[in-house]
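Have a look at the structure below before the remarks.
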Amino acid sequence: MRLNRDHIDFEVAAAEEKARRHDVMAHVYTFAVVCPKASPIIHLGATSCFVGDNADLIVLRDALGILTVKLGRCIDRLAKQAFFHKDLVCLGRTHLQPAQPTTLGRRICMWIQELLMDLDNLERLRHHTIRFRGAKGAVGTQASFLDLFHGDHGKVLKLDQLLAAKAGFQRIWQVTGQTYPRKLDTEIVNVLSSLGASIHKICTDIRLLASFKEVEEPFETAQIGSSAMPYKRNPIRSERACALARYLMHASASCTTTGAVQWLERSLDDSALRRIVLSEACLAADACLSLLQNVAEGLTVIESNLAAELPFLAVEQVLVTMVSKGAANRQECHERIRQHSQAAAAEVKLKGRPNDLVDRLKGDPYFAPIHDMLKELLDPRKFIGRAVEQVQEFLESEVDPEIRRYQGNLEASSTVEV
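Structure (structure tokens):
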């Protein structure tokens, strides 16, 4: 049997499955052809889920390992961007409207924070939640294996342990029906769904910032944005990641309802659907992470546009300073600033020019008492609180320790072909 383990005639197996309407038994008969002496004992004591469920658990565990490393790479790339832009001031927005200044690095840290939660969930699943089904028999009682070992319970338990160790598992489901608990499928896909939500939020933010002309995802020299509009620079990678992420978010409902209709020790309500959902959820998560890493590695920041509205947020300092120096009446000063602010806003919004509010105030003799203070008063870095310090503290205390655990697996870059 060992010598013929990889000698699988898939054409024969397909013909057997067509005749017998049973995937596992089709392969039992096919395997018996290449090792006829073993034919009497192939599949002895087992049921289909002994083969299928245990194999699924191995595949799912390994898939979670792949996804965990890829998520670590995404966090690493975003952390590099956050550190590089930790003090690059930009306009914070709430309700998609101007709020207060923050830094681009801190905004990226908000993205990383959610991904760290996903990383923790993936690691918990892989190392603690997922277990091996083992040798449990037709309804989970291990009756067939107890018969094979002539009533020796110790040997039955030892078989379970040996199989789990051979498959690389430390934990075994002690109580199952015919299948491992389908609630595990729900747990796995829920975590992938949550990861999809995080990626969707990040890529949506990037799409919004691209529309403000503040950042851009990678765009190759020969890349075409539109067949009709040659000037287009569409954020297609982020859009694609969002589309796949939405699939992930919807997939969790399929697993929840499938687990709910597992009657007694098992029904076949799960079989067809989980063959689609589990594999495609893992593939969708993998694609989302590849896209996110690629975008993070090639993210372009348009610094000139980041600062377009920032001077407006500091004008109150001009008003307060003028009045406190006894150089102006509050209402009169407010009106002067309003006029200059509106004119500067028109330059930015209607003509696409840089914000010239500082130059306008410097050119107005009314503000002569504070001309030498204007640059300092309007410096947006005075209004970002502890943003820079928060970035440094977050990266050092929360991100770096996580990333260090993946050293040696972070180097691979992500290439997106289409």
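Take 1 as the starting number for the sequence shown in full-length UniProt numbering and just add one per residue. Beta carbons: idealized from backbone N, C-alpha and C, even for Gly.
With DSSP run on the structure shown, which of helix, strand or coil describes V301?
-> Translated into the one-based positions of the sequence shown, residue 301 becomes position 301. Secondary structure at V301: strand, using DSSP grouped into helix, strand and coil.
Would you give the residue range spanned by the alpha helix (DSSP H) that A368 belongs to?
-> Reading the sequence shown from its first residue, position 368 is the one you call residue 368. DSSP places A368 outside any alpha helix (DSSP H), giving it a letter other than H or E.
May I have the straight-line CA-CA distance separating E309 from K213, to the nearest angstrom?
-> Position 309 of the sequence shown, counting from 1, holds the residue named residue 309. Position 213 of the sequence shown, counting from 1, holds the residue named residue 213. Rounded to the nearest angstrom, the two C-alpha atoms are 13 Å apart.
In whole angstroms, what is the alpha-carbon distance linking G326 and V358?
-> Position 326 of the sequence shown holds residue 326. Position 358 of the sequence shown holds residue 358. Here the alpha carbon of G326 sits roughly 21 Å from the alpha carbon of V358.
Should T415 go down as buried or exposed, given a rule of 16 or more other Cβ atoms within 10 Å for buried?
-> Here the question's residue 415 lines up with position 415 in the sequence shown. By the neighbour-count rule (16 or more Cβ atoms within 10 Å), T415 is not buried but exposed.
Between the Cα of G45 and the Cα atoms of D185, A135 and R336, which residue gives the shortest distance?
-> Your numbering for residue 45 matches position 45 in the sequence shown. For G45, the nearest C-alpha among the options comes from A135.
Just curious, the beta strand (DSSP E) that G92 is in, first and last residue?
-> Here residue 92 refers to the residue found at position 92 when the sequence shown is read from its first residue. Bounds of the beta strand (DSSP E) holding G92 are V89 to T94.
Could you have a look at I75 and say whether DSSP puts it in helix, strand or coil?
-> Here residue 75 refers to the residue found at position 75 of the sequence shown. Reduced to three states, the DSSP call for I75 is helix.
Sheet register partners of T102 (DSSP bridge) = On the sequence shown, position 102 is the one that residue 102 refers to. T102 is bridged to C90.
Paired residues, beta bridge with V215 - DSSP = Walking along the sequence shown from the start, residue 215 turns up at place 215. For V215, which the question treats as bridged, DSSP gives the partners V301.
Could you tell me which of A138, T102, P369 and Q293 sits nearest to T47, measuring between CA atoms?
-> Translated into positions along the sequence shown, residue 47 becomes position 47. Checked all of A138, T102, P369 and Q293; the closest Cα to T47 is A138.
Residue range of the unbroken alpha helix (DSSP H) whose run includes V391 = As a first step, residue 391 must be located in the sequence shown, where it is residue number 391. In the DSSP assignment, V391 falls within the alpha helix (DSSP H) that extends over A387 to F394.
Excluding sequence positions up to five away, which residues of its chain have a Cβ less than 7 Å from the Cβ of F31?
-> Here the question's residue 31 lines up with position 31 in the sequence shown. Around F31: I42.
Quick one: is R338 buried, meaning 16 or more other Cβ sit within 10 Å of its Cβ, or exposed?
-> Locating residue 338 in the sequence shown gives position 338, where the first residue counts as 1. R338 comes out exposed.
From M110, V315, K183 and A245, residue whose alpha carbon lies closest to that of A260 | Counting from 1 along the sequence shown, the entry for residue 260 is found at position 260. The shortest C-alpha separation from A260 is found at K183.
Figure out for me which residue from R274, R5, P365 and L57 has the closest Cα to the Cα of L163.
-> One-based indexing of the sequence shown puts residue 163 at position 163. The shortest CA-to-CA distance from L163 to any of R274, R5, P365 and L57 is the one to L57.
Indicate the three-state DSSP secondary structure (helix, strand or coil) for I42 in the structure shown.
-> If you number the sequence shown from 1, residue 42 lands on position 42. The answer is coil: DSSP assigns I42 none of H, G, I, E or B.
To which residues of the same chain is G140 closer than 6 Å at the C-beta, ignoring the five residues directly before and after it?
-> If you number the sequence shown from 1, residue 140 lands on position 140. Closer than 6 Å at the Cβ level, and outside the excluded window around G140, lie T176 and G177.
Could you check which residue in C109, D62, L60 and N4 has the C-alpha nearest to that of A296?
-> Within the sequence shown, the letter at position 296 stands for residue 296. Among C109, D62, L60 and N4, the Cα nearest to that of A296 belongs to C109.
With a 10 Å radius around its C-beta and 16 neighbouring C-beta atoms as the bar for buried, classify P40 as buried or exposed.
-> Reading the sequence shown from its first residue, position 40 is the one you call residue 40. By the 10 Å Cβ count, P40 comes out exposed.
Please determine if the segment 6 to 19 and the segment 82 to 100 are in contact, where contact requires at least 3 C-beta pairs separated by less than 8 Å.
-> With a cut-off of 8 Å on Cβ pairs, the segment 6 to 19 is not in contact with the segment 82 to 100, counting fewer than three such pairs.
May I ask you to verify whether the segment 280 to 289 touches the segment 391 to 402, counting CB pairs closer than 8 Å and requiring at least 3?
-> Contact annotation: the segment 280 to 289 does not touch the segment 391 to 402, with fewer than three C-beta pairs closer than 8 Å.
Integer-rounded CB distance, given that L71 should sit under 8 Å from D118 = Residue 118 sits at position 118 when you count from the first residue of the sequence shown. Residue 71 sits at position 71 when you count from the first residue of the sequence shown. About 6 Å; that satisfies the 8 Å criterion.
In the structure shown, what three-state DSSP assignment does I276 receive?
-> In the sequence shown, the residue the question calls residue 276 occupies position 276. When secondary structure is reduced to three states using DSSP, I276 falls in the helix class.
Option nearest N355 by Cα separation, candidates S304, I370 and A328 = By 1-based counting over the sequence shown, the position of residue 355 is 355. Between N355 and the set S304, I370 and A328, the nearest pair of CA atoms involves S304.
Using 10 angstroms around the beta-carbon of P311, count the other beta-carbons present and answer buried if the total reaches 16, otherwise exposed.
-> Along the sequence shown, one-based indexing puts residue 311 at 311. With 16 or more neighbouring CB atoms inside 10 Å of its own CB, P311 falls in the buried class.
Burial state of A387, where buried means 16 or more other Cβ atoms lie within 10 Å | The residue labelled residue 387 in the question sits at position 387 within the sequence shown. With a 10 Å radius around the Cβ and a threshold of 16 neighbouring Cβ atoms, A387 comes out buried.
Hey, V33 and V12 are a contact pair by Cβ (cut 8 Å); roughly how many whole angstroms apart?
-> For the purposes of this step, residue 33 is taken as the residue at position 33 of the sequence shown. For the purposes of this step, residue 12 is taken as the residue at position 12 of the sequence shown. With a Cβ gap of about 7 Å, V33 and V12 count as contacting.
Taking the continuous alpha helix (DSSP H) assigned at Y29, which residues delimit it?
-> The residue given as residue 29 occupies position 29 in the sequence shown. Judged by DSSP secondary structure, Y29 falls within the alpha helix (DSSP H) whose first and last residues are D23 to V34.
So, is A14 buried or exposed, given that buried needs 16 or more other C-beta atoms within 10 angstroms?
-> By one-based count along the sequence shown, residue 14 stands at place 14. Residue environment analysis places A14 among the exposed positions, since fewer than 16 neighbouring C-beta atoms fall within 10 angstroms of its C-beta.
CB L395 to CB A165, shorter than 8 Å?
-> Along the sequence shown, read from residue 1 onward, the residue named residue 395 stands at position 395. Along the sequence shown, read from residue 1 onward, the residue named residue 165 stands at position 165. Taking a C-beta distance under 8 Å as the contact criterion, L395 and A165 do not qualify as a contact pair.
Leaving out five residues on either side along the sequence, give the residues of the same chain with a beta carbon under 8 Å from the beta carbon of Q390.
-> What you label residue 390 is simply residue 390 of the sequence shown in a count that begins at 1. Once the five neighbours on either side are set aside, the close Cβ partners of Q390 are R106 and C109.
Under the three-state reduction of DSSP, which class applies to I236: helix, strand or coil?
-> For this step, residue 236 is matched to residue 236 along the sequence shown. I236: helix per DSSP, three-state reduction.
Keeping to the same chain, check which residues put their C-beta closer than 6 Å to that of R353; ignore five residues upstream and five downstream.
-> To locate residue 353, count along the sequence shown from 1; it is residue 353. Only E347 meet the Cβ criterion.
With DSSP collapsed to three states, give me the class of F83.
-> Stepping through the sequence shown from its first residue, residue 83 is reached at position 83. F83 falls in the helix class under three-state DSSP.
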